[in-house]
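Chemist: Going left to right, the sequence shown walks through residues -25 to -1, 1 to 259 as mature numbering (1 follows the signal peptide of the UniProt record, and there is no 0) numbers them.
C-beta: ideal position from N, C-alpha, C; glycine also.
Fair warning: this is a prediction, and the values are worked out from it, not measured in the lab.
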Amino acid sequence: MKPSPKAVMTASLFSVATVVPAVQAADWSDTSIGYRYGTEFTEPGIEEDVEKHILSLTHVSGYSLGQNFFNLDMLQSGSNDPTTFGGDTGATEAYLAYRHQLHYGGVFDEPLSFGPVGDVALTAGFDLNTKNTDFSPRKRQLLVGPTLKFDLPRGFLDVSLLYSHEWNHCGLDFCGPDNDVEFDPYAQLNIAWGVPFEAGAIPLKFQGFYNYNTEKGEDAGGSETDDEQLLRTSLMLDVGDLAWNEGDQFLAGVGYEMWRNKFGNADGPGIDTDAATFNLEWHF
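1) Taking the beta carbon of Ser39 as the centre, do at least 16 other beta carbons fall within 10 Å, making it buried, or is it exposed?
2) Which residues mark the beginning and the end of the alpha helix (DSSP H) in which Gly80 is found?
3) When the Cα of Phe110 is compared with those of Ile21, Asp94, Gly183, which residue comes out closest?
4) In whole angstroms, give me the CA-to-CA distance for Ser28 and Val214.
5) Hey, how far is the Cα of Gly245 from the Cα of Gln204?
6) Given a cut-off of 8 Å on the beta-carbon distance, is the pair Thr67 and Gln51 in contact?
7) Using a Cβ-Cβ cut-off of 8 Å, state whether Pro160 counts as contacting chain B.
8) Going by C-alpha to C-alpha distance, which of Phe149, Asp24, Val95, Ala1 sits closest to Val82?
9) Can you check whether the CB of Thr17 is closer than 8 Å to the CB of Thr237?
10) Gly62 lies in the alpha helix (DSSP H); which residues open and close that run?
11) I'd like the ranges of any alpha helix (DSSP H) spanning at least 4 consecutive residues and lying wholly in the region 214 to 258.
12) Taking one C-beta from the region 146 to 155 and one from the region 221 to 232 each time, how about it: are there three or more such pairs within less than 8 Å?
13) Buried or exposed: Gly65, going by 16 or more other Cβ atoms within 10 Å of its Cβ?
14) Just the C-alpha distance for Gly243 and Gln163, rounded to the nearest angstrom, thanks.
15) Taking 6 Å as the limit between beta carbons, can you name the residues of its chain near Arg11, skipping five residues before and five after?
16) Please tell me whether Ala72 and Asn46 are closer than 8 Å, where the distance is taken between their beta carbons.
17) Taking contact to mean 3 or more Cβ pairs, one atom from each stretch, closer than 8 Å, check whether the region 161 to 176 and the region 126 to 139 are in contact.
18) By DSSP, does Phe45 sit in helix, in strand, or in coil?
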């Protein structure tokens, strides 16, 4: 059977994101386990704030042509975000994000730099998620587009404009006969940063990301989606550097998550988030 254009596009993007780095040895890498905790998260359709414990596994590595980013979050909700309507067991969610950057300077041996921009990259990747609720979401998202890599004295600042195509699943009765939805393609502005600095003798790191997604057509229930914004940032103290002179090993701090029109929902309870978090990171 001849593959559909959608299957060809999917295979092409996955080839850019996974096959290229597989044949290259990493020049540098950083792997960490993280923990976030907050009591002010929200979920669409739920009136009250939701408590969440979040464990994460993050890996970043660079090689001669570019770099890779991988993050897996495991999120455990409190009982007011239940696995089934009327239940008292909090839902569990897994969210995986992968990005690969192909750097102009890595491919052509000289960075494409101008003004404050140190190089330009092609970014491609995907997001996957699953959550054991009655809604039963199964997000599948592909992204590709250019990235400006700003030249900072320390740390990094990347600004990307990405083409995004997203599919999801809805297990509720109102979601249609096949329980699946394919959203319209949309644009994502992504800004990601990680900047270490000192406040006197205190070693700190300011890090995070911001996504702005344009509307993506109708959702699974036939309602029009709206523009979506997600900011997740934290200010971390380098405890290892301060306490036992081992920098970039153990960090602790506070974070903030702002989410507007969560998942593209235009109205209803639980679509806007302002959540403070307690954050820990162990790098190895």
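Modeler: For this structure:
1) The residue is exposed, with fewer than 16 neighbouring Cβ atoms inside 10 Å.
2) Here the alpha helix (DSSP H) through Gly80 covers 79 to 83.
3) Residue Ile21 is the option with its Cα nearest to Phe110.
4) A small fix is needed here, since residue 28 is His in this sequence, not Ser. Taking C-alpha positions only, His28 is separated from Val214 by approximately 22 Å.
5) Rounded to the nearest angstrom, the two C-alpha atoms are 14 Å apart.
6) Taking 8 Å as the cut-off, the beta carbon of Thr67 is found closer than this to the beta carbon of Gln51.
7) Absent from the structure is chain B; it holds one protein chain and no more.
8) Of Phe149, Asp24, Val95, Ala1, the residue nearest in Cα terms is Val95.
9) The sequence given here places Lys at residue 237; Thr does not occur at that position. The Cβ atoms of Lys237 and Thr17 lie closer than 8 Å to each other.
10) Counting along the chain, Gly62 falls outside any alpha helix (DSSP H), and DSSP gives it neither H nor E.
11) DSSP assignment within the region 214 to 258 yields the following whole alpha helix (DSSP H) runs of 4 residues or more, N-terminal first: 214 to 219.
12) Not touching, per the Cβ criterion.
13) Counting every other CB atom within 10 Å of its CB across the protein chains shown gives Gly65 a total of 16 or more, marking it as buried.
14) If you draw a straight line from the Cα of Gly243 to the Cα of Gln163, it comes to about 23 Å.
15) These residues qualify, in order along the chain: Ile29, Thr252, Asn254.
16) Yes. Within cutoff.
17) Verdict: yes, contact present.
18) The answer is strand: DSSP assigns Phe45 an E or B state.
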